[in-house]
Amino acid sequence: MDRLKDKRALITGGSSGIGLATARRFREEGARIAIAGRNPAAVEAAAAELPGVATMVADVGRRSEVATLMEQARRELGGLDVLFANAGIARIGPAEALDDATIDEVLTINVKGVLYSILEAAPLMTDGGSIVVTTSVNNRMGMAGSSIYGASKAAARSLVRILGRELVERGIRINAVSPGPVETPIYGKLGLPQATLDGFAADLSRKIPLGRFGRPEEIAEVALLLASDESSYLVGTEIVADGGWTQL
Ligand code: NAD
Numbered sequence: 001m002d003r004l005k006d007k008r009a010l011i012t013g014g015s016s017g018i019g020l021a022t023a024r025r026f027r028e029e030g031a032r033i034a035i036a037g038r039n040p041a042a043v044e045a046a047a048a049e050l051p052g053v054a055t056m057v058a059d060v061g062r063r064s065e066v067a068t069l070m071e072q073a074r075r076e077l078g079g080l081d082v083l084f085a086n087a088g089i090a091r092i093g094p095a096e097a098l099d100d101a102t103i104d105e106v107l108t109i110n111v112k113g114v115l116y117s118i119l120e121a122a123p124l125m126t127d128g129g130s131i132v133v134t135t136s137v138n139n140r141m142g143m144a145g146s147s148i149y150g151a152s153k154a155a156a157r158s159l160v161r162i163l164g165r166e167l168v169e170r171g172i173r174i175n176a177v178s179p180g181p182v183e184t185p186i187y188g189k190l191g192l193p194q195a196t197l198d199g200f201a202a203d204l205s206r207k208i209p210l211g212r213f214g215r216p217e218e219i220a221e222v223a224l225l226l227a228s229d230e231s232s233y234l235v236g237t238e239i240v241a242d243g244g245w246t247q248l
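FYI, UniProt numbering numbers position 45 of the sequence shown as 45, with every residue one higher than the one before it.
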């Protein structure tokens, strides 16, 4: 299995959920990988099951930390062929209930984090490369309670198009994967009681034609396709992986 043979890949948000599943998959396909996350203990715990992986800690919402992260990637991997700009957070609830700190946090991580990651990674892609951004189906639908999260993902989707246009002349392709609900620790970080989460999950599962949440490994397969040369003619596009929720 050599779909990413000789590729050097950095995965932000690589310590958990979709990012961790993708790190496993990229490694299986022959990539040399680095994972980055915000929490040092979580990054080290993830690395324990990924022998040979380079580990890095950075808050993608801070440009200076992203610049340092890319400098580390240059030192440890010698450059980059693939960036999976996947780090992100979710916050849900009625728009009237959102405080300014929450609004700023979501926009900073989900929008500026993607922008900084792409801008700082591009100079390392001296032979061209592939950038995959994790957006969300919330970028394209009017789901109540998803206001600032959906808006942040729509902005990320827009960056895929616009930076995709700006960087394609340097041989860098940028595409998005837009998951529907996926079983990851992200839901446990919403600060909601378990019973509320269970009700939310049951309600969403009923709306999804496949009848269930996605698995992180299913999103990793899409990230792999977009990262690899098999998607050489895909630029600025979005692959929706949502069990048919927004498609049928
Ligand atoms: P997760 O909480 O398991 O993982 C998120 C990762 O992002 C963690 O490694 C975390 O450390 C990292 N991260 C968060 N803020 C960061 C910051 N400021 N700097 C650096 N790293 C940071 O969640 P997940 O579900 O695997 O989410 C991955 C991506 O997928 C996110 O962008 C999320 O919005 C998106 N997504 C998830 C779902 C879902 O249902 N799980 C659906 C659509 C999109």
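All residues carry an ideal CB built from backbone N, CA and C; glycine is no exception.
{"Check": "GLY164 - DSSP class collapsed to helix/strand/coil", "Outcome": "helix"}
{"Check": "Cβ shell of ILE118 (< 8 Å), same chain only, five flanking positions each side left out", "Outcome": "LEU83, ALA85, ILE131, VAL133, LEU159, LEU163, LEU167, ILE174"}
{"Check": "Span of the beta strand (DSSP E) around LEU10", "Outcome": "8–12"}
{"Check": "Sequence-distant residues of its chain with Cβ nearer than 7 Å to GLY14 (five each side left out)", "Outcome": "LEU20, ALA23, ILE35, ALA36, GLY37, ALA46"}
{"Check": "Residue environment, LEU71, which counts as buried when at least 16 other CB atoms sit within 10 Å", "Outcome": "Looking at the sequence shown, residue 71 is not Leu but Glu. Answer is exposed; the Cβ neighbour count stays below 16."}
{"Check": "Proximity to ARG215 [Cα-Cα], best of ARG3, PHE26, GLY17", "Outcome": "GLY17"}
{"Check": "Top-ranked residue by Cα proximity to ILE208, from TRP245, PRO123, ALA155, ALA202", "Outcome": "TRP245"}
{"Check": "Backbone secondary structure at GLY214 - three-state DSSP", "Outcome": "strand"}
{"Check": "Identity of the residues DSSP links to GLU238 by a beta bridge", "Outcome": "ALA176"}
{"Check": "Per DSSP, cross-strand counterpart(s) of SER130", "Outcome": "VAL82, ARG173"}
{"Check": "GLU217 CB to nearest heavy atom of ligand 2 below 7 Å", "Outcome": "For ligand 2, the structure offers nothing, since it holds only ligand 1."}
{"Check": "Cβ-heavy atom distance, ILE92 to ligand 1, below 7 Å", "Outcome": "no"}
{"Check": "Proximity test, ASP59 beta-carbon vs ligand 1 heavy atom, cut-off 7 Å", "Outcome": "yes"}
{"Check": "Identity of the residue in VAL106, ASP229, TYR233, PRO40 nearest ASP81 by Cα", "Outcome": "ASP229"}
{"Check": "Sequence-distant residues of its chain with Cβ nearer than 8 Å to GLY188 (five each side left out)", "Outcome": "LEU197"}
{"Check": "Coil, strand or helix - THR55 by DSSP", "Outcome": "strand"}
{"Check": "Option in MET125, GLU96, LEU210, GLY128 with minimal Cα separation from SER146", "Outcome": "GLU96"}
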